[in-house]
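Here's the structure we're looking at; comments come further down.
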Amino acid sequence: MSSPLALADAQVIGTELAIRWSDGAESFLPLEPLRRNCPCALCQGESTATATYSPRQKDYSPASFVVRSLQPVGGYALQIVWADGHATGIYPYSYLLSLAGEPPPLG
Ligand SMILES: [Zn+2]
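Set out below in structure tokens:
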């Protein structure tokens, strides 16, 4: 019941990222909002106790929403390399689930 979530398979189908989890569930994430919600510091900016810095100006192109490759990271996250060269986005599985509108796993 509290076994760690694992990724069984991930592939791009059309304009969606299709993920199959170790428990057999599947998530489908449209690529454009996936990129717009990229969790890396470049895309999300950084906050401190005294100030919030806005992320730098986004400069998306059609290639920004095309996946070049997928790379599991450390058994807890998926690194997505986008066709425009952006490769710093590491998406924890729980974050992917929340983007898919599913509750994160407990524990
Ligand atoms: Zn990013």
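The numbers in my numbering rise by one with no breaks, and the one at position 44 of the sequence shown is 849. Think of the CB as a built atom: it goes at the ideal place given N, C-alpha and C, for glycine as much as any other residue.
Taking its Cβ as the centre, do 16 or more other Cβ atoms sit within 10 Å of residue i, making it buried, or is it exposed?
{"i": "GLY894", "result": "buried"}
{"i": "ARG841", "result": "exposed"}
{"i": "ILE824", "result": "buried"}
{"i": "ALA815", "result": "buried"}
{"i": "ALA846", "result": "exposed"}
Cβ-heavy atom distance between residue i and ligand 2 below 6 Å?
{"i": "GLY890", "result": "Absence of ligand 2 from the depicted structure is noted, with ligand 1 being the only ligands included."}
Can you name the residues that DSSP bridges to residue i?
{"i": "GLN816", "result": "ALA823"}
{"i": "GLU831", "result": "ARG825"}
{"i": "GLN884", "result": "GLN876 and ILE895"}
CA-CA distance, residue i and residue j?
{"i": "PRO867", "j": "SER827", "result": "32 Å"}
{"i": "LEU839", "j": "GLY880", "result": "20 Å"}
{"i": "PRO809", "j": "ASP864", "result": "36 Å"}
{"i": "ALA892", "j": "CYS848", "result": "11 Å"}
{"i": "GLN914", "j": "GLU831", "result": "A question about residue 914 goes unanswered here, because the residues of the chain that appear run from 806 up to 912."}
{"i": "PRO835", "j": "SER874", "result": "15 Å"}
{"i": "PRO897", "j": "LEU812", "result": "11 Å"}
{"i": "PHE870", "j": "LEU904", "result": "16 Å"}
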